[in-house]
Each structure stands twice: as C-alpha cells, then as structure tokens.
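*Asks:* Mind having a look at this structure? Questions to follow.
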C-alpha cells in the first residue's frame, strides 16, 4: 500500500517515550519488531490479528512505512489499546528512496539501542523494507508472506529481487494461504502455510440481534454485502452487471477505494458504497445481510489470495458466494460451505440459490457444517503455532527460549 499519513493526535518522539511503562511484560521477554507496508489503522486484517496477540506476552513495535515532513528525521510513536506500539518514521522530505531507507535503518538501530533491546525477533511483511534492517541483529527473522505483492498493481520492479534476498536472511517463512505456500515452499526450507483464521466469537455477534447500522437501516431487502478493500482485485464489472440484472437486490459495499479510480466504480440505485468501517462494527452490518459476497476478479493479483473475510462471513451465519479463488475453493468450496461461481450468469444463480436457502433445513445444515469447521480455526491457535516455530528456530540457533512459551 502507498505510504499515507494518519493523524495520531499528540505526537511523541522516541526520546520522550518510555516504551516499557505500563506494559507489565516479563523482564526477559524478547521484543518483536514488525516491518509492514500496511498502516496499523488501515483495514483490520492478518497483521493486526497476529500482532495484538503477540502483544499479550511480549513488547511489539509495529513499524510502518515512512511519512515525509519538513522536520528532521525522527520516529513518532503511539500505543494502541492492544498494547502494540505503532512506530512511524518521519523522514525529511526531498530524500531519495535509498536515502530514506538509510535514515530509517539508522532510526531503528537507535530504537533498539535506546530501548535496551538485548534480544528481539524481526517480523517482515514486505521485502521492500529489507534495507532498513541493515543495522539489526535479530534473534530470529520471520517473513510473513501474506500476499504475492509482486503481482499487485504498482508493485516496484525490484520487489522480486528483494524477496529473494529476504528468503536468504529469514529463518522462517509463513504464507497467508496454501496456494501461496505451494509457490514458495521450494524457495525456503522453513516455509509453513498459515491461511486466514477467524475470531469466531467476534463475528458470531451477528447472530445475536444487533441493531441495524444507521447508514444501511433504510435499505430494502434482500441485501448482498461485501467488506474489504476495493482495488484491482474487486470485480467491478461483475458487481455492475449483477446490479443491472437484479434491481431488487441491494448491494452493500464497505471499504476504502485503493489503487483504482472511484469514478470507475459502477453506479446504480441499488449499489451502496458506505465507506470503511471499524472491525468492531462489522458484525452489526453482517447481521442484516442476506448473502455475503467474495466477488473477486480472477487475475494475477488474486491468484494467491486467502481472503480473511471467508471464515468471518461464515462465523456471522451469512451464506457466502465467491468467485473461484483457489484458497476459497479449498477448503470452503470443497466442503460445500461456500458457493463457488465464475461468470455473471453462474454468480447470479448462486446468489439466488443462497437467498432461496435462507431459513430452510438445508441452510441450517450448511451452517452447522460451517460452524463445525470453524471450531478448528482461531487466530489464538495460529499465533500459538507460529510462536512455537519461532522458539524452535531460536533453539536451533542456540539462543534461549522465550519466557512462558512451551517448546515441543
């Protein structure tokens, strides 16, 4: 994602912040430094799910891409309610990309020194930030490859080369899905698939009679909804044609518009773009949808995705229709938990079938199968499994294990 400024309110530089104040962490707990291309306050997804859990047992510094200002180079920090420290490098405007990364590398080295981080692990989401790690000496380096970023619109040409260098540096590689694991496993001996998981209890609130949000309350039924980033992965032609064919269906679309021109989005009386919503608000919207959609285009950008919203939709108790994304087909389509349809005719028919099944014995049976499968998934379990692998990697390198984490 492109760097962008998000106002945090009162800004603080590192020289005036005690990162350990009030955290109540075990004294010997290694910190976790996270390099990400995604702003912490952007869409709540994989990094936020994992790092909020990591912050329960260790200090977490979530380092965003820089913003450019007239002021001298410095780090701006704030503590999220979860305990995660969000660190944003502020780099003096006018520097080249290489100069900017060199400055960020220096600031991160100072962070480690000033905070007295004798031991820390490094967690990388984007290979493009590899140069900023030049002065770091982590206990273990993890590459959490959540997407095939090189296939996204606007990807820098040097990304593939930097990813290869990151494979050489990393002790572990986690992938955001099985399709991505298949593409990466031959490139690193420590590759492990960790597809999207779910906080089922959070989304199950949608089944408990939540009030309809004000901005969709007056929309007629049936409602077919989607939440997520509206970018090159979203099939705008499919949605536009469905809206034209089915004027009685209301399409509720939640999320920011990124990397595409908003003017290119289809417009119709039954298409409702309600903007980005907070993670806490999503169950209330889902509670009043009749079908949840995964209307992804089949292109390079979607070849390796594992949509987090798939299990979230199911946990909310809403029937799901998806285009043929490989990590949705397996496991959800193969288990007949999600209807898979490609092309407008098939997608329309699948939505009609999902609507017809609402409130029937067949629909109840499908939901019970979904609930049984979802009971095997949780972000807590995913993080625990990842943590165990990190400690095993640390042991292989001959360093002491993390306090409070069992090894097997």
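In the UniProt record's numbering, the protein residues as written are 1 to 408. Cβ coordinates follow ideal geometry from the N, Cα and C atoms, glycine included.
(1) Could you tell me which of 140, 99, 374 and 152 sits nearest to residue 299, measuring between CA atoms?
(2) With a 10 Å radius around its C-beta and 16 neighbouring C-beta atoms as the bar for buried, classify residue 114 as buried or exposed.
(3) Would residue 291 pass as a contact of residue 242 if the rule is Cβ separation under 8 angstroms?
(4) Would DSSP call residue 215 helix, strand or coil?
(5) May I ask you to list the residues that DSSP assigns as paired with residue 320?
(6) Straight-line CA distance for residue 160 to residue 148?
(7) What are the start and end residues of the alpha helix (DSSP H) that includes residue 285?
(8) Taking C-beta to C-beta, are residue 166 and residue 181 nearer than 8 angstroms?
(9) By a C-beta neighbour count over all protein chains shown, 10 Å radius and 16 as the cutoff for buried, is residue 267 buried or exposed?
(10) For residue 222 and residue 271, I'd like the C-alpha separation in whole angstroms.
(11) Throw me the rounded Cβ distance for the residue 35 and residue 47 pair, which I believe falls under 8 angstroms.
(12) Can you find the residues in the same chain that come closer than 6 angstroms, C-beta to C-beta, to residue 398, ignoring five residues on each side of it along the sequence?
(13) Given a cut-off of 8 angstroms, decide if residue 328 and residue 310 are closer than it, judged by their beta-carbon atoms.
(14) Taking a contact to mean a Cβ-Cβ separation below 8 angstroms, would you say residue 367 touches residue 333 in this structure?
(15) Under 8 angstroms, do residue 155 and residue 234 count as touching if we go by C-beta distance?
(16) In chain order, what residues of the same chain have a beta carbon less than 7 angstroms from the beta carbon of residue 330, not counting five sequence neighbours either side?
(17) What would DSSP say about residue 115, mapped onto helix, strand or coil?
(18) Along the chain, which unbroken stretches of the alpha helix (DSSP H) at least 4 residues long are found entirely within the stretch 187 to 240?
(19) In whole angstroms, what separates the C-alpha of residue 50 from that of residue 128?
*Replies:* Once the coordinates are examined:
(1) 152
(2) exposed
(3) no
(4) coil
(5) 292
(6) 10 angstroms
(7) 282 to 286
(8) no
(9) exposed
(10) 13 angstroms
(11) Residue 35 to residue 47, Cβ: 10 angstroms. No contact.
(12) none
(13) yes
(14) no
(15) no
(16) 178
(17) coil
(18) 200 to 204
(19) 21 angstroms
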